[in-house]
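*Asks:* After the structure tokens below, expect a handful of questions from me.
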Amino acid sequence: MKKNFFTMIAIALIVALTFRSFWASVMYPVELVLEALLEGLIFLYILYRLVCRIIEKNYTFSGIEIYLGILFIFPIIPAFAAWREFDQPMFFGVATYRDFYLLFGGLIVYNLLKEGYVSIKTVEHSFVTLALIYMFFSYFLTIFIDPVQFQDTAISGANPEKGGDVYYRLNMSLFFFGSVYFTVKSFYQKNLIYLGIAALFIFYVVFIRLDRTSIAVLGFGLGVFFLTALPAKTQVLTIFRALIPLTTVALIIAIFKADIYEQYYHMFLDVFNTAGKAGSGSLEDNIRLMEVDIAVKGFLDSPIFGKGKISTYFLPDGYNHFYGFFYTSDVGIFGYLFSAGVIGLGIVFFQFVLAIKYIRGIKYIKQNVFLVTLKITLLIHALDAITTEYLTLYSGQTLTMILLIFYFYQRDRVIQARVNNGESIEAIKVEGTLRKDRALS
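Counting from 24, one number per residue, gives the positions in the sequence shown under my numbering.
Written as structure tokens, this is what we have:
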């Protein structure tokens, strides 16, 4: 029991650093040191695995291993582009992507699973424990520590469209996971306590973080689960049961805090105003529009490899030195095109092609709470990546989930082979409930 506990904590720590969960928070200095240690560990680990392959003369690589190898050399593309466009030394270009290599933290977790050192249930418990810790940490930070002292930093900021109050720019990945996980578990196990926990995660995203993209993609993801993973009868009953409580809550909000509806109305309407006519939206959105224009022109000027990524060690002002105000992380998919061109965009987004392949290949493991959560959370991240540069800033989030889905895919292939050999799926399911990883549960 004690060994399992420490294993779970170790996995949770690796996931926390791979996800960069505490990077945009007051824990930033600690996160930075631990990330550097993990990056060093990752390079040693990859070197060790390659040496083992050479000694064993095992030169056969799976599709996902080949893809991870391509990702390993991916930073060379924007580094080369920046050398060509801005005369930045290649070393600075590659070093700019040093945090990108945290994605291989997911490979460590996957290999521990594959080789039997940990079970999938231990990994699941690690994710859930980390999500709960992060939720309590976020609420504590928001309630007890004034974010004003960190205003206009990576930690906190203010936006008139969000009421003008200073808020923490906390990463929402674990909130997405927690919202989906406990929602899925509440429906599959018919337990309202889990739904209450899910509500705590959702409440923070909707009413405290107030990021319209996060709200929209989370709502879409939960909607996809509701419409595709639940029987029609459950859907109808849920709607009827939720109608009165939701109406009551909406009326209470209308009575005591009516301005919140107007705030959300303007927050989302502003997107369409800005898209329809430059200058009609908020200051922040008009700046984004200007940045999109810079990104598109840069991409059209260098469509294959892009303009590259500038290191602040080379130029302290980064892109601002040339463009006045420009951050690729502000413009989502246009940022990928600007910095790495069509080739870079294709490499980074190809992970979702692999994910679709593995998800479609799973035939028997269907109502596993962890697997369903990974699929829906991955969908949320894929949508979020269209408007942010998270696939390079937080590369480990999606890749870790895809590697875990790949593990389920491999387990399912074993089950398929046993069924094809004449074994009963019912007997395999019974055996699965007796195993400690319980992949079929």
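Even glycine gets a Cβ: it sits at the ideal position worked out from N, Cα and C. All values derive from a computational prediction rather than experimental measurement.
If I'm right that Val-392 touches Val-207 with Cβ under 8 Å, what's the distance once you round it to whole angstroms?
*Replies:* Sequence index remark: in the sequence shown, residue 392 carries index 369 (1-based). Sequence index remark: in the sequence shown, residue 207 carries index 184 (1-based). That belief holds up - the Cβ atoms of Val-392 and Val-207 are roughly 5 Å apart, short of 8 Å.
*Asks:* With which residues is Tyr-174 paired in a DSSP beta bridge?
*Replies:* Walking along the sequence shown from the start, residue 174 turns up at place 151. The sequence shown places Gln at residue 174, rather than the Tyr named in the question. Beta-bridge pairing links Gln-174 to Ser-179.
*Asks:* Skipping 5 residues on each side, what residues in its chain have a beta carbon closer than 7 Å to that of Met-424?
*Replies:* Stepping through the sequence shown from its first residue, residue 424 is reached at position 401. Once the five neighbours on either side are set aside, the close Cβ partners of Met-424 are Leu-397, Thr-400 and Leu-401.
*Asks:* Taking three-plus beta-carbon pairs below 8 Å as touching, is the segment 33-48 in contact with the segment 143-158?
*Replies:* Output reads yes: the segment 143-158 touches the segment 33-48.
*Asks:* Is the segment 437-449 touching the segment 99-106, taking contact as three or more C-beta pairs under 8 Å?
*Replies:* These segments do not touch.
*Asks:* With a CB to CB cut of under 7 Å and the five nearest residues on each side skipped, what residues in its chain are close to Phe-109?
*Replies:* For the purposes of this step, residue 109 is taken as the residue at position 86 of the sequence shown. Within the same chain, Phe-109 has close Cβ partners Gly-331 and Ile-333.
*Asks:* Could you check which residue in Leu-40, Val-437, Leu-73 and Ile-370 has the C-alpha nearest to that of Leu-57?
*Replies:* Counting from one through the sequence shown, the residue named residue 57 turns up at place 34. Per the Cα distances, Leu-40.
*Asks:* To the nearest angstrom, report how far apart Ile-89 and Leu-218 are at their CA atoms.
*Replies:* Working through the sequence shown from its first residue, we reach residue 89 at position 66. Working through the sequence shown from its first residue, we reach residue 218 at position 195. Approximately 40 Å between the Cα atoms of the pair.
*Asks:* Would you say Ser-325 lies against chain C (beta-carbon separation less than 9 Å)?
*Replies:* Absent from the structure: chain C. Only one protein chain is present.
*Asks:* From what residue to what residue does the alpha helix (DSSP H) around Glu-62 run?
*Replies:* Translated into the one-based positions of the sequence shown, residue 62 becomes position 39. Per DSSP, Glu-62 belongs to the alpha helix (DSSP H) from 51-79.
*Asks:* Confirm, please, whether the CB-CB distance from Ser-352 to Leu-412 is below 9 Å.
*Replies:* Against the sequence shown, residue 412 aligns to sequence position 389. Against the sequence shown, residue 352 aligns to sequence position 329. Sequence inspection shows Glu at residue 412; the Leu mentioned does not correspond to that position. Yes, Cβ-Cβ distance for Glu-412 and Ser-352 is below 9 Å.
*Asks:* Could you tell me the boundaries of the alpha helix (DSSP H) in which Leu-422 lies?
*Replies:* Indexing the sequence shown from 1 puts residue 422 at position 399. Counting along the chain, the alpha helix (DSSP H) containing Leu-422 begins and ends at 418-443.
*Asks:* Can you give me the start and stop residues for the alpha helix (DSSP H) that Met-195 sits inside?
*Replies:* As a working note, residue 195 is residue 172 in the sequence shown. Unbroken run through Met-195: none, as it is neither H nor E.
*Asks:* Quick check for students: name the residue ranges of the alpha helix (DSSP H) that lie wholly in the segment 319-401, counting only runs of 4 or more.
*Replies:* If we require 4 residues or more, the alpha helix (DSSP H) runs fully inside the segment 319-401 come out as 343-346 and 356-384.
*Asks:* Could you have a look at Val-117 and say whether DSSP puts it in helix, strand or coil?
*Replies:* The residue given as residue 117 occupies position 94 in the sequence shown. Of the three classes helix, strand and coil, the one that applies to Val-117 here is helix, per DSSP.
*Asks:* In angstroms, rounded to a whole number, what distance separates the CA positions of Phe-150 and Ile-438?
*Replies:* Numbered from its first residue, the sequence shown carries residue 150 at position 127. Numbered from its first residue, the sequence shown carries residue 438 at position 415. Cα to Cα, the separation comes out at about 25 Å.
*Asks:* On the CB-based measure, 16 or more other CB atoms within 10 Å of its CB, does Arg-232 come out buried or exposed?
*Replies:* Indexing the sequence shown from 1 puts residue 232 at position 209. Classification for Arg-232: buried.
*Asks:* Out of Val-38, Ile-382 and His-344, which one is the CA nearest neighbour of Val-146?
*Replies:* As a position in the sequence shown, residue 146 is number 123, starting the count at 1. When each option's Cα is compared against that of Val-146, the closest is Val-38.
*Asks:* Find the nearest neighbour of Leu-466 within the set Phe-429, His-404 and Ile-428, judged by alpha-carbon distance.
*Replies:* Not covered by the structure: residue 466. The range shown for the chain is 24 to 464.
*Asks:* For Tyr-157, report the span of its alpha helix (DSSP H) as first-last.
*Replies:* On the sequence shown, residue 157 is found 134 positions in, with the first residue counted as 1. From DSSP, the alpha helix (DSSP H) with Tyr-157 extends over 143-167.
*Asks:* Take every Cβ of the segment 235-250, pair it with every Cβ of the segment 428-438, and state whether three or more of those distances are shorter than 8 Å.
*Replies:* Contact between the segment 235-250 and the segment 428-438 is absent, because fewer than three Cβ pairs lie under 8 Å.
*Asks:* Count the other C-beta atoms from every protein chain shown that fall within 10 angstroms of the C-beta of Pro-254, then say buried if there are 16 or more, exposed otherwise.
*Replies:* Residue 254 sits at position 231 when you count from the first residue of the sequence shown. The residue in question, Pro-254, is exposed, as its Cβ has fewer than 16 Cβ neighbours within 10 Å.
*Asks:* Let's test the definition: count the other Cβ atoms within 10 Å of the Cβ of Leu-193 and tell me whether it reaches 16, buried, or not, exposed.
*Replies:* If you number the sequence shown from 1, residue 193 lands on position 170. With 16 or more other Cβ atoms within 10 Å, it is buried.
*Asks:* For Leu-414, tell me which candidate among Leu-55, Gly-369, Ile-388 and Pro-339 has the shortest Cα-Cα distance.
*Replies:* For this step, residue 414 is matched to residue 391 along the sequence shown. The residue with the shortest Cα to Cα distance from Leu-414 is Gly-369.
*Asks:* On the DSSP letters alone, give me the boundaries of the alpha helix (DSSP H) that Asn-465 sits inside.
*Replies:* Coverage of the chain is limited to positions 24 through 464, which leaves residue 465 absent and any answer about it impossible.
*Asks:* Taking buried to mean at least 16 other C-beta atoms within 10 Å of its own C-beta, is Val-65 buried or exposed?
*Replies:* Counted from its first residue, the sequence shown places residue 65 at position 42. The residue you asked about is not Val; residue 65 is Ile in the sequence shown. Buried, since its Cβ has 16 or more Cβ neighbours within 10 Å.
*Asks:* For Arg-264, does the count of other Cβ atoms within 10 angstroms reach 16, so buried, or fall short, so exposed?
*Replies:* Within the sequence shown, numbered from 1, the residue matching residue 264 stands at position 241. Arg-264 comes out exposed.
*Asks:* From the DSSP output, in three-state form, read off Gly-139 for me.
*Replies:* The count along the sequence shown starts at 1 and reaches residue 139 at position 116. Correct three-state label for Gly-139: coil.
*Asks:* Please list, in chain order, all residues of the same chain as Ser-252 whose beta carbon is under 7 Å from its beta carbon, the five residues on each side excluded.
*Replies:* Walking along the sequence shown from the start, residue 252 turns up at place 229. Just to set this straight, residue 252 is Ala in the shown sequence, not Ser. The answer, listed in chain order, is Val-395.
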